[in-house]
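Working notes for the structure below.
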Amino acid sequence: MTSDTSLQTLANNPSCMDDYDPNAMHVAKAREYIQQLLNPVSEAETLLLHDSLGRVLAADITSPANVPNYDNSAMDGYALKTSDIATPRLKVVGTAFAGKAFDGTVSDGQCVRIMTGAAMPAGTDTVVVQEKTVTDGEFINISEAPKPQANVRYAGEDLKLGQNVLSRGHLMRPADLGLIASLGIAEVQAYRKLKVAFFSTGDELVGLGHPLKTGQVYDSNRYTLFGMLTRLGVEVIDMGAIADDPIQLEATLLNATQQADVVITSGGVSVGEADYMKLLLAKHGQVMFWKVSMKPGRPLAYGKVGNAHYFGLPGNPVAVMVTFYQFVRDALLRLMGQSTPVPLPMFSVQCTQAIKKLTGRTEFQRGILFTDTDGVWRVKPTGAQGSALLSSMSLANCFIVLDDTVGNLDAGATVQVQMLDGII
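Right, dumping it as structure tokens:
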């Protein structure tokens, strides 16, 4: 973790940053600098297992027992000894059910009818599936001999006593709830929720339910931010839409930093005369950069105000979402306690349409990934790529990621796509 002093050094001495450009920092470099300053929450709390979904573990989960804790059958069939595999005809001496074991003795030439999950009778080590047998009164005839130890799940096969099951920093998923429940553990230690405050800025913003006047727009950014933050499982603090009034903006900013670990604003970080956030951040905070060499989302600020991390996102609706997923999402996951967050999935596919692009900046165009008639995955742009066209984000299921070395592309070119389905 880098201290506030280090942040001040980086901000005030660009020469200490390789290729630092205060006007337009490269995407990868901006991500790198953000990572230097992230100080994850350290306070932990005890949660019931049901309440831990989406939370980050603050302590390792260690298996208190073998899972399964006894040898059991993986199939419905008959339990027998390896020495009797070659015996085509065996006598059935009982039945073993899941939850009700067979407690008798199995001698040579004998077997036990067994159900899936039932404990293996003492002395048996192999199960022949019922489809490979023919019943003949008290006997079965084996039509196809199993391999030794076939169809048996052994004690500790899934998890062994003392094994590290999930590590500190793991983000809890649905499968993890079942995994921990299988160990008989009812409570876990998790980091407290990360607190994130956000507000929109601008005189032109109007709340829902009010009629628009000429030059006004509805405040959509707070709704997309609310959705993206809620998906991450943070504690959301909506500070509202704030007019371009320096006194009101200052009060809101300082109030947010007192309540939250992270403050996110939309609008007010570009070069407009009424963009007061720059002045307020110069007065109260430390900012690493103001612009990133990307489209959409060039005006982007990151730094700290007091003890809170600060992200100043652009005002255009698409740019807000693009910058959130490219910079804020990963940072928040790390601040929540994840050491290595899973990145948005990205892979190469063919683009069915030509793309116009200037070199020298990274672009995140909205795309639709689909399977063509030949069953091959391909991608196409959603259409017009203006940063105010929020409908393009609603249509998209991926970003088409074009780095700064890429220029115009012909139809059929291979491009990198970054998946959004299941994320947004």
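Residue numbers (UniProt numbering): 1 to 424. Positions of the beta carbon are idealized from the N, C-alpha and C atoms, including for glycine.
What distance in whole Å lies between the Cβ atoms of residue j and residue i, which are believed to be in contact at a cut-off of 8 Å?
i       : j       : result
Met-419 : Arg-361 : The pair is not a contact, with the Cβ atoms about 22 Å apart (cut-off 8 Å).
Ala-319 : Gly-303 : Their Cβ separation, rounded to whole angstroms, is 19 Å, which puts Ala-319 and Gly-303 out of contact at 8 Å.
Tyr-218 : Val-236 : Their Cβ separation, rounded to whole angstroms, is 20 Å, which puts Tyr-218 and Val-236 out of contact at 8 Å.
Phe-102 : Val-112 : 5 Å
Thr-265 : Leu-313 : 7 Å
Phe-353 : Ala-301 : Per the sequence shown, residue 353 should be read as Gln rather than Phe. Not a contact, Cβ separation roughly 34 Å.
Phe-226 : Arg-31  : Between Arg-31 and Phe-226 the Cβ distance is about 24 Å, and since that is not below 8 Å, they are no contact.
Which value, in whole angstroms, describes the spacing of the CA atoms of residue i and residue j?
i       : j       : result
Ser-52  : Phe-324 : 25 Å
Leu-333 : His-26  : 22 Å
Val-305 : Ala-24  : 22 Å
Phe-199 : Gln-248 : 12 Å
Gly-54  : Ala-241 : 28 Å
Tyr-310 : Ile-180 : 36 Å
Asp-125 : Leu-90  : 15 Å
Ala-118 : Gln-163 : 24 Å
Gly-156 : Gln-259 : 47 Å
Pro-22  : His-284 : With a pLDDT of 46 at Pro-22, under the threshold of 50, the predicted position of this residue should be treated as unreliable, though the coordinate-derived value follows. Distance between the alpha carbons of Pro-22 and His-284: 19 Å.
Leu-395 : Arg-378 : 16 Å
Ile-355 : Thr-382 : 11 Å
Glu-273 : Leu-279 : Because Glu-273 carries a pLDDT of 45, less than 50, the predicted location of this residue cannot be relied on, and the following value inherits that uncertainty. Distance between the alpha carbons of Glu-273 and Leu-279 is about 11 Å.
Lys-132 : Ile-61  : 41 Å
Ser-220 : Gly-315 : 10 Å
Val-67  : Val-106 : 25 Å
Tyr-78  : Ser-167 : 39 Å
Met-321 : Leu-281 : 22 Å
Leu-183 : Asn-72  : 17 Å
Val-406 : Lys-357 : 7 Å
Lys-193 : Leu-48  : 15 Å
Val-188 : Thr-46  : 6 Å
Thr-135 : Gly-99  : 24 Å
Ser-143 : Asp-84  : 14 Å
Pro-299 : Ala-59  : 39 Å
Tyr-20  : Ile-34  : In this predicted model, Tyr-20 has a pLDDT of only 38, less than 50, meaning its place in the structure is not dependable enough to derive any value.
Val-41  : Ala-243 : 32 Å
Thr-230 : Pro-148 : 52 Å
Tyr-223 : Ser-339 : 28 Å
Asp-374 : Lys-380 : 16 Å
Glu-363 : Ala-150 : 55 Å
Ser-392 : Val-342 : 25 Å
Phe-139 : Pro-88  : 10 Å
Gly-169 : Gln-365 : 32 Å
Measure the Cβ-Cβ separation of residue i and residue j and say whether it is below 8 Å.
i       : j       : result
Val-349 : Leu-369 : yes
Gly-109 : Gly-94  : no
Val-196 : Asp-261 : yes
Met-75  : Ala-96  : no
Cys-351 : Ala-413 : yes
Leu-344 : Met-172 : no
Leu-159 : Val-165 : yes
Tyr-154 : Met-336 : no
Val-417 : Gly-386 : no
Leu-80  : Val-129 : no
Leu-161 : Ala-65  : yes
Ala-388 : Pro-317 : yes
Thr-201 : Met-277 : yes
Ala-86  : Ala-145 : yes
Go ahead and pull the three-state DSSP assignment for residue i.
i       : result
Glu-235 : strand
Glu-187 : strand
Glu-131 : helix
Asp-76  : coil
Ser-392 : helix
Val-415 : strand
Ala-145 : coil
Pro-174 : helix
Gln-350 : strand
Thr-82  : helix
Lys-160 : coil
Leu-420 : coil
Glu-32  : helix
Val-41  : coil
Ala-181 : helix
Leu-402 : strand
Val-56  : strand
Val-27  : helix
Asp-374 : coil
Leu-344 : coil
Asp-125 : coil
Leu-166 : strand
Leu-49  : helix
Is residue i close to chain B? Criterion is C-beta to C-beta, closer than 8 Å.
i       : result
Ala-411 : In summary, chain B is missing from the structure at hand, where a single protein chain is found.
Next on the checklist: Give the list of continuous beta strand (DSSP E) stretches no shorter than 3 residues that lie fully inside the region 87-117.
Outcome noted: 89-96, 110-114
Checklist entry - Which ranges does the beta strand (DSSP E) cover as unbroken runs of at least 3 residues, wholly within the UniProt domain "MoaB/Mog" (197-334), from first to last along the chain? => result 235-242, 262-266, 285-291, 299-305, 308-313
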